[in-house]
Each structure stands twice: as C-alpha cells, then as structure tokens.
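The numbering of the sequence shown is the working numbering, which starts it at 8 and goes up by one.
Just so it is clear, CB atoms sit at the ideal spot from N, CA and C, and this is done for glycine as well.
Taking it in order: structure first as structure tokens, then the write-up.
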Amino acid sequence: MNAIKSLQELVPNANWASLPLFDRTGWRRTGFGDFAESIGVRAEPKDAQEEIYVGLEHLDPQCLHIRRWGKGSDVTGT
8 MNAIKSLQEL VPNANWASLP LFDRTGWRRT GFGDFAESIG VRAEPKDAQE EIYVGLEHLD
68 PQCLHIRRWG KGSDVTGT
C-alpha cells in the first residue's frame, strides 16, 4: 500500500456526484467500533504538523464518504 505523502495528494473525487448510488439491500446497522479503530495515543501537534487525521468532527451523519479531514497543524491541544 502506498502512503500519502502530503495533504495536497488528498483531493476529493471531482466526479463524486455522478458515482452510482449504493445498493443498500441487505445492509444492516453496525457499531462504529466494528469497522473503525479507536486510537487513544496522544500526539503533540508540533511533532505532527503535516500528519493527516480524520476525527469524529469530520464525519457527516448519514454519509458514507469522508470529505473533510485535518492535519496536525490545525490542532491547538494534544
């Protein structure tokens, strides 16, 4: 798997509106922790200026797509 080197490499798909809708037949609800890993390690923003992260504030309700993210320089605490 190739690692993303910078925030500029992460760009939304410009054609996202024309992508086919998901066939949700047979889908079931599942807990967030069943498909996402909770990382409880504290990081110092000064040591992770260019690190990209997705926090709960970046997830939109009822949406499967991640369209927003942050980077270490955006964080003021730990």
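For residue i, the three-state DSSP class (helix, strand or coil)
{"i": "G40", "result": "helix"}
{"i": "G47", "result": "coil"}
{"i": "P68", "result": "coil"}
{"i": "A55", "result": "coil"}
{"i": "A24", "result": "helix"}
{"i": "E16", "result": "helix"}
Residues bridged to residue i [DSSP beta-bridge criterion]
{"i": "G77", "result": "Y60"}
Cβ pair residue i, residue j closer than 8 Å
{"i": "K78", "j": "E51", "result": "no"}
{"i": "W76", "j": "L26", "result": "no"}
{"i": "L66", "j": "I59", "result": "no"}
Residue i versus residue j: straight-line alpha-carbon distance, rounded
{"i": "D54", "j": "G33", "result": "44 Å"}
{"i": "D30", "j": "E44", "result": "26 Å"}
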